[in-house]
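Q: This is the structure, below, for whatever I ask next.
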Amino acid sequence: MLDQSFSAENFRTILDIENRKGIDLGSQFFPDVLEITQKIKKINADLKTARRIQDKLMRAVEIKKVLQEKEKLIEEKEKLLSEKLIRVSEEILSSRFKFELQKNDDFGDKPIYTIEKEPSVYFSLKQTQYNFRKLYKVKQADRFQIVSQVKTLICDGFPKVVLRTDIENFYESIPHKNLLDKLNEENLLSFYSKRIITKILNDYKLKSGSNVGIPRGIGISAYLVELYLRDFDKEIKELLNVNYYARYVDDIIIFFIPPITNIQRDYISEIDTIISKYGLKRNHSKTKLIASIPSTNNQQHSFEYLGYEMAFGYTQKDPSPPKIMISKKKVNRYKERIIFALEHYINYSKINEKDARKMLIKRIRFLTNNTRLINNKRNITTGIFSSNSLINTTGNLKDLDNYLSGQVQKYRLNQPVQQRIGKYSFEKGFLEKRYTKFTSNDLSMIMKIWKNR
1 MLDQSFSAEN FRTILDIENR KGIDLGSQFF PDVLEITQKI KKINADLKTA RRIQDKLMRA
61 VEIKKVLQEK EKLIEEKEKL LSEKLIRVSE EILSSRFKFE LQKNDDFGDK PIYTIEKEPS
121 VYFSLKQTQY NFRKLYKVKQ ADRFQIVSQV KTLICDGFPK VVLRTDIENF YESIPHKNLL
181 DKLNEENLLS FYSKRIITKI LNDYKLKSGS NVGIPRGIGI SAYLVELYLR DFDKEIKELL
241 NVNYYARYVD DIIIFFIPPI TNIQRDYISE IDTIISKYGL KRNHSKTKLI ASIPSTNNQQ
301 HSFEYLGYEM AFGYTQKDPS PPKIMISKKK VNRYKERIIF ALEHYINYSK INEKDARKML
361 IKRIRFLTNN TRLINNKRNI TTGIFSSNSL INTTGNLKDL DNYLSGQVQK YRLNQPVQQR
421 IGKYSFEKGF LEKRYTKFTS NDLSMIMKIW KNR
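Counting from 1, one number per residue, gives the positions in the sequence shown under full-length UniProt numbering.
Given below as structure tokens:
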């Protein structure tokens, strides 16, 4: 049986899991723990110095002394962490424990919610999330895997009917009552876990003025959504002649085997019936139905899904080579970032041209290359290849190179800056898998002007 308790021992497990990801929660939340961590770092530096001592005897004595100091500090840190986590546990289990969602309207057209950065709030939500994930075995679909599978399907040359759609105002439309009824029916969660979820929904109701919807930005919201739509997914998969179905958050794609006869079928109405059954609405503007069937006429179809544009069809009954490209929406996002980077340079160069130039070059290098994220132990990468690895044509990467070159001319940048920028290319960054290193401070400064856009 799963230990769902909000205990210091369970919080220590959470702390260790995050630490393996490169996140030192103990030092983030507790200043006195941070102080000891810094002392241990200094000891590690002293250890390196001690190992460089030429005299063997002196080296051995000094290393032993430093290691003893380090061991003592580690024990002190462990004891302090245990005491802190016990207090956190007591606070959460108290009847006085409460927290508030913080609404932020600066992120696009839909508000994002955050939670105050207090240890008790953080660990209560993390433990609830852990309990929920383990008990209900829910997880978000793998974006890369879905796109890979869709790519295989459109490349197979077989006739198909493709329905691509999404759910309108997805997070904001989940009915609280239906969700809570589902949680209570299965009755897997402990009282305290349910209490945390109820607190989140109640505060969302207070902040949004609606009794439907789950707060975007809160970790457990993604799991609640997946649980709520578990039966929805099952019903879609059970529709007649469904060959493939995938949903990534609110983005849905379905491949049907076309009927042998000429009987007309209203695929969209069938989907609408299931969507409305769960209190949700289909996004009409993002719905596209494609019947790709060999005929005497040339056919070319395309749709956008999860950051890619996929084009396929038939030429005189024979399949035409499918193209997988970066979606127009994503291309426009790259263009916007180029503009913001250039405008920031123009404005900031009036104050300090040298610093403005350095930051512009870093931003262009970041956009056109790839980088490994700092302070993560899973070797996560991001960049022009990492984020678009499934494309099989670089046409729109060439377009981005031309766009960058055109904007550099338009903004009349001086010759040295033009020459520096001219070294970078979206297409080459993709084909050659170019990687570049940035410090955590660099990444923070690079992303600053693009944040919330």
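Cβ coordinates follow ideal geometry from the N, Cα and C atoms, glycine included.
Measure the beta-carbon distance from tyrosine 136 to leucine 227 and round it to whole angstroms, keeping in mind my assumption that it falls under 8 Å.
A: To locate residue 136, count along the sequence shown from 1; it is residue 136. To locate residue 227, count along the sequence shown from 1; it is residue 227. With a Cβ gap of about 5 Å, tyrosine 136 and leucine 227 count as contacting.
Q: Tell me the start and end of each unbroken alpha helix (DSSP H) in the segment 292-375 that is at least 4 residues and wholly inside, in chain order.
A: As far as the segment 292-375 is concerned, its whole alpha helix (DSSP H) runs of at least 4 residues are 328-368.
Q: How is the alpha helix (DSSP H) around aspartate 231 delimited, first residue to last?
A: On the sequence shown, residue 231 is found 231 positions in, with the first residue counted as 1. It spans 230-237 - the alpha helix (DSSP H) in which aspartate 231 sits, taken as one unbroken run.
Q: At a cut of 8 Å, does the segment 96-103 reach the segment 157-168 through at least three beta carbon pairs?
A: Short answer: they don't touch.
Q: I'd like the span of the beta strand (DSSP E) that includes arginine 247, first residue to last.
A: On the sequence shown, residue 247 is found 247 positions in, with the first residue counted as 1. Start and end: 242-248.
Q: What whole-angstrom Cβ distance do glycine 307 and threonine 368 have, given they're in contact under 8 Å?
A: If you number the sequence shown from 1, residue 307 lands on position 307. If you number the sequence shown from 1, residue 368 lands on position 368. About 17 Å; that fails the 8 Å criterion.
Q: In the structure shown, what three-state DSSP assignment does asparagine 104 receive?
A: Locating residue 104 in the sequence shown gives position 104, counting from the first residue. Residue state, collapsed to three classes: strand.
Q: Please list, in chain order, all residues of the same chain as proline 215 whose beta carbon is under 7 Å from its beta carbon, the five residues on each side excluded.
A: If you number the sequence shown from 1, residue 215 lands on position 215. Leu101, Tyr113, Ile200, Tyr204 and Ser221.
Q: Are the CB atoms of threonine 382 and leucine 373 nearer to each other than 9 Å?
A: To locate residue 382, count along the sequence shown from 1; it is residue 382. To locate residue 373, count along the sequence shown from 1; it is residue 373. Yes.
Q: Please list, in chain order, all residues of the same chain as isoleucine 257 whose beta carbon is under 7 Å from its beta carbon, the five residues on each side excluded.
A: Taking the sequence shown and counting its residues from 1, the one referred to as residue 257 is at position 257. Same-chain partners within the cutoff: Asn241 and Asn243.
Q: I'd like to check one pair, glutamine 300 with alanine 311: are the Cβ atoms closer than 9 Å?
A: One-based indexing of the sequence shown puts residue 311 at position 311. One-based indexing of the sequence shown puts residue 300 at position 300. Against a cut-off of 9 Å, the Cβ pair of glutamine 300 and alanine 311 comes out as a contact.
Q: Report the residue from Lys437, Gln140 and Glu270 whose alpha carbon sits nearest the alpha carbon of arginine 230.
A: Indexing the sequence shown from 1 puts residue 230 at position 230. Ranking the options by Cα distance to arginine 230, first place goes to Gln140.
Q: For threonine 114, which three-state DSSP category applies?
A: To locate residue 114, count along the sequence shown from 1; it is residue 114. Here threonine 114 sits in strand by DSSP.
Q: Helix, strand or coil: which one does DSSP assign to leucine 163?
A: Sequence index remark: in the sequence shown, residue 163 carries index 163 (1-based). In this structure, leucine 163 counts as strand in the three-state DSSP scheme.
Q: Measuring only from the beta carbon, is leucine 85 closer than 8 Å to any heavy atom that is part of the ligand MN?
A: As presented, the structure is devoid of all ligands, the ligand MN included, so that no description of it is given.
Q: Our contact map puts tyrosine 248 next to arginine 333 with C-beta atoms below 8 Å; I'd like the distance itself, whole angstroms only.
A: Taking the sequence shown and counting its residues from 1, one reaches residue 248 at position 248. Taking the sequence shown and counting its residues from 1, one reaches residue 333 at position 333. Contact flag wrong, Cβ pair sits at about 18 Å.
Q: Excluding the 5 residues flanking phenylalanine 123 on each side, which residues of the same chain have their C-beta closer than 6 Å to its C-beta?
A: The count along the sequence shown starts at 1 and reaches residue 123 at position 123. Result list for phenylalanine 123: Phe11 and Val88, in chain order.
Q: Does proline 416 come out as helix, strand or coil in the three-state DSSP assignment?
A: As a working note, residue 416 is residue 416 in the sequence shown. Proline 416: helix per DSSP, three-state reduction.
Q: Does the distance from the CB of asparagine 392 to the CB of lysine 350 come in under 9 Å?
A: The residue given as residue 392 occupies position 392 in the sequence shown. The residue given as residue 350 occupies position 350 in the sequence shown. Result no, Cβ atoms of asparagine 392 and lysine 350 do not sit closer than 9 Å.
Q: Within a Cβ cutoff of 7 Å, which residues of the same chain sit near lysine 288, ignoring the five residues on either side of it in sequence?
A: For the purposes of this step, residue 288 is taken as the residue at position 288 of the sequence shown. So the qualifying residues of the chain are Arg164 and Phe303.
Q: Take the Cβ of aspartate 401 as the centre, count every other Cβ of all protein chains shown within 10 Å, and call the residue buried at 16 or more, exposed below.
A: As a position in the sequence shown, residue 401 is number 401, starting the count at 1. Per the 10 Å Cβ criterion, buried.
Q: If you run the structure through DSSP and keep just helix, strand and coil, what is aspartate 158?
A: In the sequence shown, residue 158 corresponds to position 158, counting from 1. Correcting the residue identity first, residue 158 is phenylalanine in this sequence and not aspartate. Residue state, collapsed to three classes: coil.
Q: Can you give the Cα-Cα distance for isoleucine 293 and tyrosine 223, rounded to whole angstroms?
A: Counting from 1 along the sequence shown, the entry for residue 293 is found at position 293. Counting from 1 along the sequence shown, the entry for residue 223 is found at position 223. If you take the alpha carbons of isoleucine 293 and tyrosine 223, they lie about 38 Å apart.
Q: Could you compute how far the alpha carbon of aspartate 46 sits from the alpha carbon of valine 66?
A: Counting from one through the sequence shown, the residue named residue 46 turns up at place 46. Counting from one through the sequence shown, the residue named residue 66 turns up at place 66. Rounded to the nearest angstrom, the two C-alpha atoms are 7 Å apart.
Q: Look at asparagine 388 and tyrosine 435 and say whether their C-beta atoms are less than 9 Å apart.
A: Position 388 of the sequence shown, counted from the first residue, corresponds to residue 388. Position 435 of the sequence shown, counted from the first residue, corresponds to residue 435. No.
Q: Output the boundary residues of the beta strand (DSSP E) element that contains isoleucine 252.
A: Here residue 252 refers to the residue found at position 252 of the sequence shown. Segment 251-256, the beta strand (DSSP E) holding isoleucine 252.
Q: May I ask which residues mark the beginning and end of the alpha helix (DSSP H) holding threonine 439?
A: The residue given as residue 439 occupies position 439 in the sequence shown. Premise fails: threonine 439 is in no alpha helix (DSSP H) and is neither H nor E.
Q: Please name the residue, chosen from Glu336, Trp450 and Asn44, that lies closest to lysine 64 on a Cα-to-Cα basis.
A: Numbered from its first residue, the sequence shown carries residue 64 at position 64. Per the Cα distances, Asn44.
Q: In terms of alpha-carbon separation, which member of Glu343, Met447, Lys437 and Ser190 lies closest to lysine 410?
A: The sequence position of residue 410 within the sequence shown is 410, counting from 1. Checking every option, the nearest Cα to that of lysine 410 belongs to Glu343.
Q: Following the continuous alpha helix (DSSP H) through threonine 128, name the residue where it begins and the one where it ends.
A: By 1-based counting over the sequence shown, the position of residue 128 is 128. Here the alpha helix (DSSP H) through threonine 128 covers 119-136.
Q: Could you give the distance in angstroms between the alpha-carbon of aspartate 399 and the alpha-carbon of phenylalanine 385?
A: Numbered from 1 along the sequence shown, position 399 holds the residue referred to as residue 399. Numbered from 1 along the sequence shown, position 385 holds the residue referred to as residue 385. Whole-angstrom Cα-Cα distance: 16 Å.
Q: Exposed or buried, phenylalanine 255, counting other C-beta atoms within 10 Å across all chains shown (16 or more means buried)?
A: Looking up residue 255 in the sequence shown gives position 255. By the 10 Å Cβ count, phenylalanine 255 comes out buried.
Q: Could you pull the start and end residues of the beta strand (DSSP E) that threonine 261 belongs to?
A: By one-based count along the sequence shown, residue 261 stands at place 261. That residue, threonine 261, is in no beta strand (DSSP E); it is neither H nor E in DSSP.
Q: What does valine 212 pair with, by DSSP beta-bridge criteria?
A: By 1-based counting over the sequence shown, the position of residue 212 is 212. Beta-bridge pairing links valine 212 to Pro175.
Q: Whole angstroms is fine: what's the gap from arginine 420's alpha carbon to histidine 176's?
A: As a working mapping, residue 420 is identified with position 420 in the sequence shown. As a working mapping, residue 176 is identified with position 176 in the sequence shown. Cα to Cα, the separation comes out at about 54 Å.
Q: On a Cα-Cα basis, can you pick out the residue from Ala246, Met359 and Phe29 that is closest to valine 147?
A: Here residue 147 is taken as the residue at index 147 of the sequence shown, counted from 1. Residue Ala246 is the option with its Cα nearest to valine 147.
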